[in-house]
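To start, the structure itself, in structure tokens.
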Ligand SMILES: [Zn+2]
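In our numbering, the protein residues as written are 1 to 108.
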């Protein structure tokens, strides 16, 4: 029994090859790069880390247009928003339990 590692994908930002579960699939829709969270959107997809740095790298290289086979520039605003949201969730996502501890005054 050999356990298959499965297919690896390349992050178009940093060119690291890794498992698809580590990456976000994106597709081009109407000139925009949109995150395909459920991985169900049709068409050509590209893969990117959940990392704004990788997004920046991919943008600079025009990797989206190349990977998604789109002519012209693509708008990444939606994708950036998505990543920023993810980032916020993982870094400061812990809800602060501001439970007011009421001092129970003992009337005795
Ligand atoms: Zn990356």
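Heads up, the beta-carbon is just placed ideally off N, CA and C, and yes, glycines get one too. These numbers were taken from a predicted model, which means no experiment stands behind them.
C-beta contact flag for residue 48 and residue 55 at 8 Å:
yes
The alpha helix (DSSP H) that contains residue 52, what's its start and end?
Segment 52–60, the alpha helix (DSSP H) holding residue 52.
Sub-8 Å separation of residue 27 and residue 44 beta-carbons
yes
Beta strand (DSSP E) runs contained entirely in the region 7–79, provided each spans 3 or more residues
23–29, 32–35 and 45–49
Nearest by alpha-carbon distance to residue 144: which of 35, 18, 60 and 67 is it?
Summary: the structure shown does not reach residue 144, with the chain confined to residues 1 through 108, and so no result is reported for it.
How many angstroms separate the CA atom of residue 104 from the CA atom of residue 13?
Taking the straight line from one Cα to the other gives about 56 Å.
Near ligand 1, which residues have their beta-carbon closer than 6 Å to a heavy atom?
Here the residues come out as 11, 13, 14, 16, 49, 51 and 54.
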